[in-house]
């Protein structure tokens with residue numbers, strides 16, 4: 026039995042397709058141990074990549090609710106599987122019909138669908154088949170059949186998805202329903218990477234315009250750049266307001282100098298001017314009289330009056 030288990034492991038580990046199919050089958054069977062039946066029926070383990078498990082849900086409401094429960098779910102996974110390396114769970118939405126179809130394909134116990142053609146059936150190659158040889162009993166045909174079935178199920182699942190309009194993500198290769206060239210997960214990760222690239226650039230040169238940034242990244246579009254820049258500006262002025270309020274109460278001059286640095290950054294962001302062109306009048310115009318009065322003229326009373334209603 027140990028020899029057979031070892032042979033199975035060797036075959037699975039030596040082939041990415043079989044490894045992914047087996048991993049998908051394992052997690053979808055075990056998922057009901059992590060969540061209750063109601064949740065399990067409305068979700069599907071799409072893939073496991075590194076320390077992240079990706080879950081399909083039947084609606085945005087389920088995705089939001091499960092995102093809230095993420096810490097609890099990760100804890101439960103570690104309780105059920107002591108050696109689990111899962112550190113994150115990501116959710117995306119599809120239809121309940123798609124989830125049921127995917128579940129029936131990977132978890133179904135019936136024979137392969139009549140839709141599957143002979144070309145979809147997978148045969149274990151000679152080299153891998155030899156791993157199943159028992160010196161006394163010869164080839165273990167039953168084990169070969171089981172492994173062949175896993176391959177066939179995986180291929181049938183892929184073909185079903187392709188017939189339903191799914192296509193492979195150009196980045197990670199996973200089949201998905203999307204109008205773009207990459208899956209929602211990769212799209213989200215790609216946007217996060219782009220956003221961090223823009224923010225790093227703006228921290229070093231806050232006056233940067235899209236035309237300047239585009240010289241370093243031809244793939245960037247202007248609407249995305251300005252959206253990130255606008256959010257950065259809003260966060261920056263909010264930070265300035267909060268720290269100015271703290272300074273009014275505490276009078277810490279070190280904090281005052283830090284606020285001036287933040288103000289300079291904000292003014293360059295909003296005016297697209299380099300430091301040497303920034304004047305006191307421009308600063309006052311961009312941050313407002315009350316904050317300017319506190320930081321540059323020690324007019325704390327004006328700031329308190331302007332913030333009474335907040």
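In the working numbering, the protein residues as written are 26 to 335. Ideal Cβ positions, reconstructed from N, Cα and C, are used throughout, including at glycine. These numbers were taken from a predicted model, which means no experiment stands behind them.
Using DSSP with H/G/I as helix, E/B as strand and the rest coil, what is residue 120? coil
Would you kindly work out how many angstroms separate the C-alpha atoms of residue 68 and residue 89, rounded to a whole number? 13 angstroms
Three-state secondary structure (DSSP) at residue 207? coil
In chain order, what residues of the same chain lie with their CB nearer than 6 angstroms to the CB of residue 247, ignoring the 5 residues before and after it? 235
Can you tell me whether DSSP reads residue 193 as helix, strand or coil? Here DSSP, grouped into helix, strand and coil, assigns residue 193 to strand.
By Cβ distance below 7 angstroms, which residues in the same chain neighbour residue 271 in space, the five residues on each side in sequence not counted? 280
Closest residue to residue 56 among 210, 114, 312 (Cα-Cα distance): 114
What is the DSSP secondary structure of residue 308, reduced to helix, strand or coil? helix
Roughly how many whole angstroms lie between the Cα atoms of residue 195 and residue 64? 31 angstroms
Please list the terminal residues of the continuous alpha helix (DSSP H) segment that includes residue 80. No alpha helix (DSSP H) contains residue 80, which is instead part of the beta strand (DSSP E) from 77-82.
Spatial neighbours of residue 76 in its chain, beta-carbon cut-off 8 angstroms, leaving aside the 5 residues before and after: 110, 111, 112, 113
In three-state DSSP terms, what is residue 241? coil
Please state whether DSSP places residue 269 in a helix, a strand or coil. helix
Beta-carbon within less than 6 angstroms of residue 208's beta-carbon, same chain only, minus the 5 sequence neighbours each way: which residues are those? 194, 199, 201
Note down the Cα distance separating residue 191 from residue 83, rounded to an integer number of angstroms. Rounded to the nearest whole angstrom, the CA to CA distance from residue 191 to residue 83 is 17 angstroms.
Applying the 10 Å Cβ sphere with the 16-neighbour rule, what's the burial state of residue 116? buried
Looking only at DSSP bridge pairs, what is residue 69 linked to? Bridge partners of residue 69: 81.
Whole angstroms are fine: how far does the CA of residue 210 sit from the CA of residue 204? 14 angstroms
Range of the contiguous alpha helix (DSSP H) that encloses residue 302: Element bounds for residue 302: n/a, residue is neither H nor E.
On the criterion of 16 or more Cβ atoms from any shown chain inside 10 Å, does residue 315 qualify as buried, or is it exposed? Buried: at least 16 other Cβ atoms inside 10 Å.
Nearest candidate by alpha-carbon position, reference residue 47, set 276, 244, 104, 71: 71
Got a sec, what are the start and stop residues for the alpha helix (DSSP H) residue 278 sits in? Segment 278-296, the alpha helix (DSSP H) holding residue 278.
Excluding the 5 residues preceding and the 5 following residue 322 in the sequence, name in chain order all residues of the same chain whose CB lies nearer than 7 angstroms to its CB. none
Between which residues of its own chain and residue 250 is the CB-CB distance below 7 angstroms, once the five residues before and five after are set aside? Hits under 7 angstroms: 223, 235, 238.
Quick check on residue 102: does DSSP put it in helix, strand or coil? In the structure shown, residue 102 sits in a helix (DSSP, three-state: H, G or I).
Taking DSSP as the reference, what is the three-state secondary structure of residue 74? Residue 74: strand per DSSP, three-state reduction.
Cβ neighbours of residue 245 in the same chain (closer than 7 angstroms, five flanking residues each side left out): 219, 238, 239
Label residue 267 either buried or exposed according to how many other C-beta atoms from any shown protein chain fall within 10 Å of its C-beta, with 16 as the threshold for buried. exposed
What do you get for residue 144, buried or exposed, if any count of 16 or more other CB atoms within 10 angstroms of its CB means buried? With a pLDDT of only 39 at residue 144, under the threshold of 50, the placement of this residue in the model should not be trusted; the figure read from the coordinates follows. Exposed, by the Cβ-count rule.
Reference residue 313; option with closest CA among 274, 262, 290: Taking only the C-alpha atoms, the option nearest residue 313 is 262.
Give me, in chain order, the residues of the same chain whose beta-carbon lies closer than 7 angstroms to that of residue 336; leave out the 5 immediate sequence neighbours on both sides. Only positions 26 to 335 of the chain appear in this structure, which leaves residue 336 out of reach.
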